[in-house]
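Be aware that the sequence shown starts at 1, since it is given in the UniProt record's numbering, and climbs by one per residue.
For every residue, glycine included, the Cβ atom is placed at its ideal position computed from N, Cα and C.
What follows is a single structure, written as structure tokens, with notes after it.
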Amino acid sequence: MGAGLSGSNPQNGNYYEGSSSYSSRQGLDDVPENCVSSIYMYLDPPEICKLARLNRTFHGASLADFVWEAKLPSNYKFLVERVLHETAENLSKKEIFARFSRPNCFDGGTKQVWLDKSSGKMNMLISYKALRITVIDDRRYWNHISTEESRFHTIAYLKQTWWFEVVGELEFEFPPGTYSLFFRLQLGKATNKRFGRRVRNIDQVHGWDIKPVRFEVSTSNGQRSISECYLREHENWVHYHAGDFVVDNLNKPVKIKFSMMQIDCTHTKGGLCLDSVLICPIMENSVAKQLFLKIFPEATSITRAIEVDNLIEPVDVELGDCKKWESLKRNHRVYALLARGLTRVQTGCMAEAISASSTDHYPEESIQNTLLPSDGFMHGASYWSSKGQSDQIVPETLVYRLTSNLCLISEIRVQPFQAYFQYGFPMYRSKSVRFRFGFPKVPLELSDHYMAHSRVGHELIDDKIFWMYTSPEYPMAQENCLQAFKLPEPVLCIGGFVKVELLGRVQRQDIDGLYYICVSQVQVLGRPLTQPFDVEILYPSRKCMLKYHPQKESCSFPGSQNVHSRVISRWYRMTRRLVERGVRGW
């Protein structure tokens with residue numbers, strides 16, 4: 001019984017000592033440089049730079065212009081001329097990307113442009129000195145304060161005014177896409193640090209909670225966005241969303257006008273710091289999402305769930321920020337982490353058996369037996385059996401926990417048990433089967449009490465799990481094998497719990513005339529989340545946070561320790577059953 005081991009004869013295999021394939025000892029130095037360059041096309045710039053340190057071939061491939069030109073924005077020639085005051089033909093594409101990976105000042109140091117190192121998207125920062133501010137030169141109303149908290153090292157501080165108006169205009173060539181514009185503001189005057197901590201003076205803050213500030217963004221082609229917001233966040237820098245605009249035309253400058261005003265003269269307002277204006281792209285067509293779907297094409301169906309159901313919870317969303325912008329940034333991070341965290345090949349996701357709705361003889365016919373790879377174990381039958389019922393309609397359920405709190409499940413396999421020790425070799429299958437995926441309503445500390453064979457213990461577990469997904473009902477065949485039940489589309493199981501519902505009874509036992517359901521094995525196939533990633537369920541909101549632990553990539557982290565402990569406990573229980581069976585002589 002059990003799986004056989006396949007051996008290989010060195011004389012008959014493809015690789016053996018003395019063969020040409022074995023003696024050639026090909027390595028990374030033998031990979032063609034153009035092949036490496038083609039691989040670089042699918043990698044982020046930071047990953048390219050890391051691989052370039054492997055050897056000369058990888059380094060030479062990393063210098064190819066076509067590799068870096070694909071990472072640059074479409075307006076890179078305009079940026080080189082306008083910002084660097086050079087021509088693109090005199091610089092390599094890698095040098096252009098490297099120089100724009102850090103902020104570059106232009107227009108007398110009042111503006112900065114840089115590229116995101118991963119996506120290559122262009123960002124712009126505009127100093128308050130490039131804006132038209134009402135009575136900015138009158139020291140009775142405004143002061144200029146030097147500070148390390150600004151990229152331009154100077155901010156404008158409004159002491160008090162009746163008429164508050166800030167207007168900016170920009171004509172610039174942007175790559176096609178959608179952009180958001182933010183004002184970086186702070187209520188309270190910045191002072192020197194004391195004992196390493198920032199100190200704010202909010203004595204002059206007033207008037208911003210009486211009437212909202214009006215933000216407006218318009219373009220020369222007729223786009224216009226207006227929003228209003230009260231300024232209430234004290235002592236922290238906040239990016240207040242002013243509006244969005246779309247760039248459609250390639251290699252054509254766009255004229256943008258943006259403003260912020262509060263011109264209600266019935267009251268004064270003051271105590272406001274103005275730093276800069278940020279223009280950044282909206283990641284609607286996220287590169288991370290495209291990469292994720294290219295690696296896992298079967299996950300197309302779950303992308304809407306990721307973008308709608310708040311898979312990852314944003315942390316410390318600043319007051320006044322655009323919710324859509326925060327959502328897009330969050331989704332971009334999710335796709336990037338999932339593309340790295342999910343396993344590339346489908347594998348078994350089962351970690352341990354939790355409970356069964358009923359068990360006929362415990363532990364001989366326990367649910368733990370369904371984790372074993374065959375229906376025979378140490379010269380004895382290995383299966384789970386329900387209690388007998390006179391009614392064929394009475395269902396049974398089995399609850400399992402997966403190896404990870406997040407798995408992309410595509411298929412579940414169930415093998416009914418055929419009693420070869422009974423006359424006629426009856427098969428105690430169910431008429432049909434159905435599956436549910438979910439997560440605990442509250443943190444669970446499972447113990448032997450919960451994993452008992454009683455129905456009370458099973459119902460206690462079942463009630464504490466929120467079942468998010470229910471599969472269609474699949475008919476079960478009269479076959480003694482692992483029957484594969486493929487889900488209509490892959491399902492993202494968050495929480496790591498699976499329930500197998502066995503519906504309807506078929507086989508009656510001759511001894512007592514009752515109907516039973518018996519299962520030899522259950523398998524769950526999918527792509528679990530691997531180290532150094534983990535998913536944490538936030539109680540009581542029941543939202544999920546996707547976590548990344550780069551500092552623990554080479555060692556275990558809390559999520560992996562839980563999985564490891566589950567596997568250890570599983571084999572411990574199996575060993576204990578073997579000892580019990582050995583004592584009783586089977």
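- The criterion of a C-beta distance shorter than 9 Å is satisfied by Ile-256 and Thr-219.
- Taking C-beta atoms as the reference points, Leu-278 and Ile-126 count as a pair closer than 9 Å.
- For Ser-37, the enclosing alpha helix (DSSP H) covers residues 33-40.
- Just measuring C-alpha positions, the residue of Phe-152, Glu-81, Glu-95 and Lys-94 sitting nearest Lys-111 is Phe-152.
- With a cutoff of 9 Å on beta-carbon distance, Cys-481 and Leu-402 are scored as not near each other.
- Looking only at Leu-546, Phe-258, Glu-47 and Gln-478, the smallest Cα-Cα distance to Ser-432 is reached by Gln-478.
- Around the beta carbon of Asp-275, 16 or more other beta carbons sit within 10 angstroms, so the residue counts as buried.
- The shortest CA-to-CA distance from Arg-232 to any of His-206, Glu-69 and Gln-509 is the one to His-206.
- Residue state for Asn-55 is assigned as coil, using DSSP reduced to three classes.
- Apart from the 5 residues on each side of it in sequence, Arg-214 sits with its Cβ closer than 6 Å to the Cβ of Glu-228 and Met-261 in its chain, given in chain order.
- Following the DSSP letters along the chain, one finds Val-535 inside the beta strand (DSSP E) bounded by residues 533-538.
- Listed in chain order, the non-local C-beta contacts of Thr-161 below 6 Å within the same chain comprise Tyr-141, local neighbours out to five positions each way being set aside.
- Leu-408 is not a Cβ neighbour of Leu-502, given a cutoff of 9 Å.
- Looking only at Met-468, Asn-249 and Tyr-474, the smallest Cα-Cα distance to Val-491 is reached by Met-468.
- For Asp-512, the CB contacts under 8 Å within the same chain, skipping 5 residues up- and downstream, are Gly-388 in chain order.
- Taking a 10 Å sphere around the C-beta of Gly-270, we find 16 or more other C-beta atoms and assign the residue as buried.
- Tyr-539 and Lys-441 have their C-alpha atoms spaced approximately 8 Å apart.
- By alpha-carbon distance to Phe-497, the top candidate from Gln-368, Glu-352 and Val-414 is Glu-352.
- For Glu-69, the enclosing alpha helix (DSSP H) starts and ends at 65-69.
- Lys-189 is bridged by DSSP to Asn-201.
- Collapsing the DSSP output to three states places Gly-243 in a strand.
- For Thr-347, the beta-bridge partners assigned by DSSP are Gly-526.
- For the pair Lys-94 and Val-67, the CB atoms are nearer than the 9 Å cut-off.
- Spatial neighbours of Phe-106 in its own chain (CB-CB distance under 6 Å, excluding positions within 5 residues in sequence) are listed in chain order as Val-83.
- With contacts defined as CB atoms closer than 9 Å, Ala-70 and Ser-62 fail to qualify as a contacting pair.
- Distance check between Ala-64 and each of Cys-35, Asn-369, Leu-54 and Glu-81 places Cys-35 closest, using alpha-carbon atoms only.
- Within the model, the alpha-carbon separation for Asp-116 versus Ser-101 is close to 7 Å.
- Taking the Cα positions, Tyr-400 is about 9 Å away from Ile-367.
- If you draw a straight line from the Cα of Ile-354 to the Cα of Leu-398, it comes to about 8 Å.
- By the criterion of a C-beta distance shorter than 6 Å, Gln-418 is surrounded in its chain by Phe-425, Met-427 and Asn-480, once the five residues flanking it on both sides are discounted.
- For the pair Phe-435 and Lys-499, the Cα-to-Cα distance works out to about 6 Å.
- Rounded to the nearest angstrom, the gap between the Cα atoms of Thr-178 and Gly-495 is 35 Å.
- Classified as buried, Gln-507 has 16 or more neighbouring CB atoms from the shown chains inside 10 Å of its CB.
- Ile-517 and Tyr-383 have their C-alpha atoms spaced approximately 10 Å apart.
- Arg-99 sits in a helix when the DSSP states are folded into three classes.
- Annotation for Arg-224: Ser-218 place their beta carbon closer than 6 Å to its own, counting only its chain and skipping 5 residues before and after.
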